[in-house]
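Heads up: the sequence shown runs through residues 21 to 113, numbered per our numbering.
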Amino acid sequence: MAGNRPFDEQVLGMIVGLASEVTVLRARLDACERLLVAGGSLLPGAVDGYEPDAPAQAERETLRRSTMEKVFRPLREAAEAELHATTEQEQSQ
C-alpha cells in the first residue's frame, strides 16, 4: 500500500482544503444573512425557502461543474501521468 501514499496525501489535501473553504463560506453566508435580516432586507428563513428559476439554476450548474473540475484536477492529472508512465514502461519492454 506504500504506492498509494502520494494519492492518499493528495486526497487528504483536497478534503482539508474543501473543509476549510466550506467553513469560511458558511461563516460569510451566516454574516450576510444576519446583516440582511437585521437591516430589514431579508425575512428570517427566506434563504432556506428560495427556489432558483431556470437561469439561476443553469448558472449554478455551470459553477458546480467548474468547481468540480478545479477540485478534481490534481487527481485527474496524477492519473493521466501514471497512465502515461505505465504505457511508456510497457512499450519499452
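Using N, Cα and C, we set each Cβ at its ideal position, and we do this for glycine too. Please read these numbers as outputs of a predicted model, since none were measured by experiment.
Query, Result
"C-beta contact flag for E71 and L62 at 8 angstroms", "no"
"Whole-angstrom distance between E110 and V36, CA atom to CA atom", "36 angstroms"
"Any 3 or more C-beta pairs closer than 8 angstroms across the region 76–86 and the region 95–107", "no"
"Extent of the continuous alpha helix (DSSP H) run through G69", "A66 to G69"
"Delimiting residues of the alpha helix (DSSP H) encompassing Q111", "A74 to S112"
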